[in-house]
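Notes for the one structure printed next.
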Amino acid sequence: MLQISLGSQLVPLARTLAVVVGASSGLMATMDHIRDKRDVLSFVVPGTVAGLAHSLMNQDPTSRLLAKTLGFAVLFAVAFKPFPASTIQ
């Protein structure tokens, strides 16, 4: 009986751990890519906070919380990315 109960607890824990590891490695790769690009980073941070706040207010499960947080970060980085000075005429 204890084995069945323990097994049912391990599946959601393993799934959450996999989501956290995958999201953190993706975020670390993104941060390495934009490390010297302060203009992009200044929009990623508010996007991350917005996604996190939105998920927490809706009481989303962990996987959806991480997906929304990363999604908002990417959305803010893409939508508010400033144009290079050479393209403005």
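So the sequence shown is residues -16 to -1, 1 to 73, counted in mature numbering (1 follows the signal peptide of the UniProt record, and there is no 0). Just so you know, even glycine gets a beta-carbon here, dropped at the ideal spot from N, CA and C.
Look at the alpha carbon of L50 and the alpha carbon of L(-7), and state the distance between them as a whole number of angstroms. Distance between the alpha carbons of L50 and L(-7) is about 20 Å.
Determine the burial state of A(-3): buried for a count of at least 16 other Cβ atoms within 10 Å of its Cβ, exposed for fewer. By the neighbour-count rule (16 or more Cβ atoms within 10 Å), A(-3) is not buried but exposed.
Would the C-beta of H38 count as close to the ligand ADP, meaning under 6 Å from any of its heavy atoms? You won't find the ligand ADP in this model; it holds no ligand whatsoever.
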